[in-house]
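One structure is given below, encoded as structure tokens.
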Amino acid sequence: MRLWLVDPGDPGQWALVTYVPGANDFEVYQVGPRPVWDEAVDAYFRWVGWGEPGRDRFGATIAPEGTRLWLDNPERIIS
4 MRLWLVDPGD PGQWALVTYV PGANDFEVYQ VGPRPVWDEA VDAYFRWVGW
54 GEPGRDRFGA TIAPEGTRLW LDNPERIIS
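Throughout the sequence shown, residue numbering follows the working numbering, covering 4 to 82 in sequence.
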């Protein structure tokens, strides 16, 4: 199975991972200056570290000074 990750803002930046059931290591190809696969892995481990919360626990506050993403309540800003 292959998983493609593409930066929607710049399709010239992408990653490809080949999954083989039972394998411990996977081939990863990254193209472009943005480390798309590394960012996905980092996001996954942050999500695991937060206790694997469901989508209903995330929110966004959009204001003139910017957008803030939060978990559980607006005071717990994650981005």
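Where is the CB? At the ideal position from N, CA and C, for every residue including glycine.
Item: From E68 to F61, what distance separates their C-alpha atoms?; Value: 20 angstroms
Item: Would you say the stretch 7 to 17 touches the stretch 27 to 46, given that touching needs at least three Cβ pairs under 8 angstroms?; Value: yes
Item: Since A63 sits in a beta bridge, which residues does DSSP pair it with?; Value: L72
Item: Taking W53 and L72 to be in contact with their CB atoms under 8 angstroms, please state how far apart those CB atoms are, rounded to whole angstroms.; Value: Not confirmed; about 12 angstroms, so no contact.
Item: Quick check on R5: does DSSP put it in helix, strand or coil?; Value: strand
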